[in-house]
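Position 112, counted from 1, in the sequence shown is what this note's numbering calls 120; the numbers after and before it change by one each time, with no gaps. No residue lacks a Cβ here, since even glycine has one placed at the ideal position from N, Cα and C.
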Amino acid sequence: MSEILVGGVETFSTVDFPGYLAAVVFMQGCPWRCPFCYNQVIQKIGQPTGFLWPKFLEFLRTRQGKLDAVVFSGGEPLVQDGLAHAISEVKELGFKVGLHTGGYRPEHLAKIIPLVDWVGLDIKAPFVETRYQDVTKTNHLDKVMQSLSLLVESGIDFECRTTCDPRILSVEDIYAIAQDLKSKGVKKYFLQQYRPIEGDVVTTDADRNKFFQDQDLLNTLKSSFVEFNIRK
Numbered sequence: 009m010s011e012i013l014v015g016g017v018e019t020f021s022t023v024d025f026p027g028y029l030a031a032v033v034f035m036q037g038c039p040w041r042c043p044f045c046y047n048q049v050i051q052k053i054g055q056p057t058g059f060l061w062p063k064f065l066e067f068l069r070t071r072q073g074k075l076d077a078v079v080f081s082g083g084e085p086l087v088q089d090g091l092a093h094a095i096s097e098v099k100e101l102g103f104k105v106g107l108h109t110g111g112y113r114p115e116h117l118a119k120i121i122p123l124v125d126w127v128g129l130d131i132k133a134p135f136v137e138t139r140y141q142d143v144t145k146t147n148h149l150d151k152v153m154q155s156l157s158l159l160v161e162s163g164i165d166f167e168c169r170t171t172c173d174p175r176i177l178s179v180e181d182i183y184a185i186a187q188d189l190k191s192k193g194v195k196k197y198f199l200q201q202y203r204p205i206e207g208d209v210v211t212t213d214a215d216r217n218k219f220f221q222d223q224d225l226l227n228t229l230k231s232s233f234v235e236f237n238i239r240k
């Protein structure tokens, strides 16, 4: 079984797996090229790092009873074939497992769902092929839709969330995303505030906050989902 390639880890997080204290594994490799990405340095797979997976497992043994979970994030974890084996090793230590994904490789996600306890699915743009391609610089909307259907049908605990980058999304876009998610049976939806990346000197606080100060939008989202909130 191939060992996963990791770009880095966060040894303690209170926000990456709702309700649990977690360590986060940032896996290398991502097919998306989202302009708001903070992990661009790990988009390319196979870059040399000092990370050793067996050492991380040793660390987890010291955190049994102190941490609740391990989250596999990225990058895009579903890129790597060794993900299932790594998850199994973590589960054997008694930890819950979360997964952050953009929905790439639904055939891989189908194999992973039975192994994880929770999934966070990133929705990048309205479900229009040209819009998704504009944001991600790829043409994988069909994969996202398949992954969303898999999650809804599985009954697993999952959430959808959208990073509200005002350079590429409008309030009207959020309405459109929410309507489609609700129609597909999604129960949990979250908006995430965009944090300006290095080099973005044009986005103002007013630009970033417009999504969260639109009371009509917030009321619509609250009434559309069992669980809705804002992450800043």
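Outcome for residue i when other beta-carbon atoms lying within 10 angstroms are tallied against a minimum of 16
| i | result |
| --- | --- |
| T19 | exposed |
| I131 | buried |
| Y46 | exposed |
| K230 | exposed |
| F219 | buried |
| R203 | exposed |
| P134 | buried |
| V78 | buried |
| G128 | buried |
| I185 | buried |
| P62 | exposed |
| I12 | buried |
| M9 | Only weak support is given to the placement of M9: the predicted model assigns it a pLDDT of 44, under 50, and the question is left unresolved by the model. |
| A118 | exposed |
| L101 | exposed |
| A30 | buried |
| I50 | buried |
| G27 | exposed |
| F64 | buried |
| G110 | buried |
Whole-angstrom C-beta distance between residue j and residue i, which should lie under 8 angstroms
| i | j | result |
| --- | --- | --- |
| C168 | L199 | Contact flag wrong, Cβ pair sits at about 10 angstroms. |
| P39 | T146 | 5 angstroms |
| T138 | P174 | Wrong, their Cβ atoms sit about 19 angstroms apart, outside the cutoff. |
| V194 | V160 | 7 angstroms |
| P114 | L158 | 6 angstroms |
| V179 | L226 | Rounded, the Cβ-Cβ distance is 10 angstroms, inconsistent with contact. |
Whether residue i touches residue j by CB criterion (9 angstroms)
| i | j | result |
| --- | --- | --- |
| T57 | G15 | yes |
| I176 | D142 | yes |
| I120 | A92 | yes |
| A94 | F103 | no |
| L60 | K99 | no |
| Y112 | S155 | yes |
| V87 | M153 | no |
| K196 | V234 | yes |
| T144 | R41 | yes |
| V23 | R239 | yes |
| D125 | D165 | yes |
| H116 | D89 | yes |
| S232 | K190 | yes |
For residue i, the residue or residues it bridges with in DSSP
| i | result |
| --- | --- |
| T171 | Q200 |
| K190 | According to DSSP, K190 bridges with nothing at all. |
| G128 | H108, E167 |
| A237 | Before going on, a small fix: residue 237 reads as Asn here, not Ala. N237 pairs with F198. |
| V209 | Beta-bridge pairing links V209 to no other residue. |
| G16 | F34 |
Cβ of residue i within 9 angstroms of any chain B Cβ
| i | result |
| --- | --- |
| G128 | Of the chains in the structure shown, none is chain B; there is only one protein chain. |
4-residue-minimum alpha helix (DSSP H) runs that sit fully inside the segment 20 to 101, ordered along the chain:
Positions of the alpha helix (DSSP H) runs, each at least 4 residues long and wholly inside the segment 20 to 101, are given as 61 to 70, 91 to 100 in order along the chain.
Would you mind listing the alpha helix (DSSP H) stretches within the segment 129 to 159 that are 4+ residues and don't spill past its ends, in chain order?
Fully enclosed alpha helix (DSSP H) runs of no fewer than 4 residues occupy 137 to 144 of the segment 129 to 159, in order along the chain.
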